[in-house]
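J.: In the working numbering, the protein residues as written are 1 to 85. Quick one: structure below, then a few questions.
So this is what it looks like as structure tokens:
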């Protein structure tokens, strides 16, 4: 699950970079904005990070249910702690 959350964190960072890139003024931009790649490149990377994050979290849920079945003899227990988390 950590890798899924890490991918979503990278996606957040890429989205913020796209927003900062949009602040660029036509007369010139600060040096740090000139070093940020174009928005379409950042958007493609953002999409890839969201897909990777979704797949990793899905894999975490599936492996967690398999582990729960081997540890407790059931996939889901309807325990309030399980439901709220």
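Ideal Cβ positions, reconstructed from N, Cα and C, are used throughout, including at glycine.
(1) Near residue 10, what residues of its chain come up, given a Cβ to Cβ distance below 7 Å and the 5 sequence neighbours on each side ignored?
(2) For a quick check, are the C-beta atoms of residue 1 and residue 53 less than 8 Å apart?
(3) Taking the alpha carbon of residue 18 as the point to measure from, which residue in 3, 35, 7 and 5 has its own alpha carbon closest?
(4) How is the alpha helix (DSSP H) around residue 75 delimited, first residue to last?
(5) What separation, rounded to the nearest whole angstrom, lies between the Cα atoms of residue 24 and residue 51?
(6) Report the CB separation of residue 55 from residue 14 in whole angstroms; it is logged as a contact under 8 Å.
(7) Looking at the unbroken alpha helix (DSSP H) that takes in residue 11, where does it start and where does it end?
(8) Check residue 82 in the structure and name its three-state DSSP category.
T.: Quick answer:
(1) 49
(2) In this structure, residue 1 keeps its C-beta atom at 8 Å or more from the C-beta atom of residue 53.
(3) 35
(4) Careful: residue 75 lies outside any alpha helix (DSSP H) and carries neither H nor E.
(5) Residue 51 has its alpha-carbon roughly 28 Å from the corresponding atom of residue 24.
(6) About 17 Å separates the two Cβ atoms, so there is no contact after all.
(7) Counted as a single uninterrupted DSSP element, the alpha helix (DSSP H) harbouring residue 11 occupies residues 2-22.
(8) helix
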